[in-house]
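Just so you know, this note's numbering puts 234 at position 207 of the sequence shown, and the rest follows in order with no gaps.
Okay, so here's the structure we're looking at.
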Amino acid sequence: MSRSRSSRLTPRLALAAVSTALLSLAAVSPALAAVPVAGLEVRLLAHTGGGRPILLVSGTLPQDATLPAEVSLRVPAGSEVLWAGEVFGGGLEDDVEADPSVRRGESYDLVTLTLTRARTAQVEVAADSAVTREGDAVTAAVSYEVPEGLGVARVAVALPAGARVGSVTEGVETAGQEGTTYYYFERDDVKAGEKLELAVTFVPPGAPAPPPAAPSGDGGGSLLPLAVVGIAVGAPALALALRRLKRRPAEEDGSEPADGLDDAPGAAGAEEEPAGIAEDRARPADAPARLSPKLVIAAAAVVVIAVAAYAGTGAGGGPAVGVMTNENGVLTQRISTASGDSSARFHLTIPCECPPEVEAPNMFAALGAVPGVAHASLHSATMLMEIAFDPSATNEGAISEALAQAGYSPQAAR
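Here it is in structure tokens:
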């Protein structure tokens with residue numbers, strides 16, 4: 028069985044390597060394993076760049092167990108075993124591949140191998156069914172019901188750095204290492220029959236950022252009064268113009284007299300003039316001119332066009348929400364229309380080998396998930412990010428957590 032680094036979760040969680048084990052997808056059957064494991068660990072590596080998702084199941088022997096020892100680990104039924112062997116908690120080159128036996132079952136398969144040097148056994152299987160997609164969103168989920176009591180169990184889902192997390196099971200912790208972000212939890216004294224579940228929904232790095240929300244607050248609030256004024260002025264003006272235009276056909280459609288005199292006002296046999304026209308003729312010469320219907324329509328059109336043009340500029344001036352600018356190496360983006368009365372500063376680390384201007388949109392997208400963040404600027408030379416936010420909606424801790432979950436390892440700067 029060949030094994031490559033891409034088919035293995037690397038690096039391992041830096042969490043008490045030998046004595047802490049995870050989820051009981053690797054439960055020991057007394058009939059097959061001479062030595063029960065003290066703990067189990069299940070880690071799901073959610074590949075999104077063309078590689079297959081991989082489930083790693085590890086079981087660690089109790090301290091008083093002697094070698095060699097036979098260990099059986101439980102994996103999902105029908106799993107394709109990619110690698111199995113002894114792991115030492117260091118580099119991959121130190122691990123020793125074993126020749127396991129696999130017993131197929133209806134609910135699960137049992138993989139058995141013999142430990143001769145290390146105290147931890149590990150089985151790696153393809154886990155295509157553990158990762159599902161819906162549009163750009165990816166859900167990585169682990170679920171296992173523990174068949175026997177365990178001293179310790181740990182479940183983890185590993186995401187590529189820069190992934191934008193939408194939802195995650197409550198009560199989990201995060202850790203970032205070498206371009207990977209881990210979401211995990213650990214339980215002590217796990218009872219038989221207890222179900223351990225962990226699910227993370229995210230958008231992979233490189234996927235298009237969601238469109239910015241419609242402006243609200245500062246920007247949207249200034250547009251609403253203008254729209255109301257435009258409607259208040261334009262609608263009555265249009266109504267007046269239409270009413271006056273309805274009066275004109277009687278004048279325009281009436282037949283002209285042969286001599287131009289018989290139908291003069293007051294002449295016998297003359298048709299009665301429409302009230303509006305008679306009123307105009309009776310108006311004194313020095314009276315103010317009445318508003319032309321065409322002029323009213325033109326004025327209303329100007330108001331409507333002005334409102335539309337104002338809305339198209341971003342409603343209120345300044346950079347539009349979601350548009351990134353680059354001025355002398357300072358990358359800036361307006362995240363929302365929040366007030367931005369408070370500020371926070373963090374030194375960040377890019378978890379990929381890419382320039383700041385390429386990764387910055389993902390950073391801003393991570394901030395976009397925090398309600399109340401107004402705008403942010405990233406100094407590409409120093410990787411210092413300055414963030415303005417509304418203190419009534421969020422705080423520095425929530426912003427730091429969002430950046431950490433995205434894999435940027437924020438360090439507060441003063």
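In this text, a Cβ means the ideal position worked out from N, Cα and C, and glycines have one as well.
Bear in mind the structure is a predicted one, so any value in this text is a computation, not a measurement.
Per DSSP, cross-strand counterpart(s) of residue i
i, result
"Ser419", "Partner(s): none; Ser419 has no beta bridge."
"Ser99", "Thr139"
"Lys218", "Answer is none; Lys218 lacks a bridge partner."
"Tyr435", "Note: Tyr435 sits in no beta bridge, so no partner."
"Leu375", "In the DSSP output, where bridge partners are listed per residue, Leu375 has none listed."
"Ala202", "Tyr209"
"Val475", "Residue numbering for the chain in the displayed model covers 28 to 441; residue 475 lies beyond these limits and cannot be assessed."
"His406", "Val357 and Leu411"
"Met351", "Gln360"
"Ala153", "Ile81"
"Pro232", "Looking at the DSSP assignment, Pro232 forms no beta bridge with any residue, so it has no partner."
"Asp181", "First, the residue type needs correcting, since residue 181 is Arg and not Asp in the sequence shown. Partner(s): Glu68 and Glu213."
Best match in the options for proximity to residue i [C-alpha to C-alpha]
i, options, result
"Ala393", "Phe229, Leu119 and Gln438", "Phe229"
"Thr201", "Ser370, Ser85 and Val182", "Val182"
"Glu354", "Ala396, Ser407, Ala347 and Glu386", "Ser407"
"Ala439", "Val84, Ala415 and Glu423", "Glu423"
"Gly434", "Glu205, Leu109, Gly198 and Ala180", "Glu205"
"Ile81", "Val179, Asp155, Arg101 and Asp91", "Asp155"
"Ala190", "Glu224, Glu124, Asn389 and Ser363", "Asn389"
"Ser194", "Ala396, Val129 and Asp122", "Ala396"
"Thr364", "Gly349, Gly233, Val108 and Val123", "Gly349"
"Ala420", "Gly118, Ala347, Pro382 and Ser369", "Ser369"
"Ala371", "Ile362, Glu413 and Ala347", "Glu413"
"Gly356", "Ala387, Ile362 and Ala347", "Ala387"
"Gly203", "Thr376, Val385, Pro383 and Thr409", "Thr376"
"Leu2", "Gln90, Phe391 and Cys381", "Residue 2 falls outside the range modelled here, since the chain spans only 28 to 441, and no answer is possible."
"Glu221", "Pro232, Glu175, Phe212 and Gly233", "Glu175"
"Thr159", "Phe212, Cys381, Ala73 and Thr352", "Ala73"
"Thr141", "Ala125, Cys381 and Arg131", "Ala125"
"Gly233", "Cys381, Thr409 and Met351", "Cys381"
"Pro231", "Ala347, Pro89 and Thr207", "Thr207"
Beta-carbon separation (whole angstroms), residue i vs residue j, contact threshold 8 angstroms
i, j, result
"Ala65", "Thr87", "6 angstroms"
"Ala226", "Ala167", "7 angstroms"
"Leu177", "Leu67", "6 angstroms"
"Ala459", "Arg79", "Limits of the chain in this structure are 28 at one end and 441 at the other, which puts residue 459 out of reach."
"Thr196", "Glu161", "At roughly 18 angstroms, the Cβ-Cβ gap does not stay under 8 angstroms, so Thr196 and Glu161 are not in contact."
"Val129", "Val108", "6 angstroms"
Beta-carbon proximity check, residue i vs residue j, cutoff 7 angstroms
i, j, result
"Ala157", "Pro378", "no"
"Pro437", "Ser427", "yes"
"Val62", "Ala96", "yes"
"Ser85", "Ala104", "no"
"Leu14", "His374", "The shown model of the chain, from 28 to 441, leaves out residue 14, and the question about it has no answer."
"Val199", "Tyr209", "no"
"Val192", "Gln360", "no"
"Arg214", "Ala164", "no"
"Ser106", "Thr139", "no"
"Gly367", "Ala429", "no"
"Leu83", "Arg70", "yes"
Distance cut-off 6 angstroms: residue i Cβ against heavy atoms of the ligand SAM
i, result
"Ala393", "This structure simply doesn't include the ligand SAM, nor any ligand for that matter."
Min CB distance residue i to chain C below 7 angstroms
i, result
"Gly66", "In summary, chain C is missing from the structure at hand, where a single protein chain is found."
Inter-stretch contact at 8 angstroms, needing at least 3 Cβ pairs: the stretch 100 to 114 / the stretch 139 to 156: yes
Between the stretch 164 to 182 and the stretch 382 to 401, can you find at least three pairs of beta-carbon atoms closer than 8 angstroms? no
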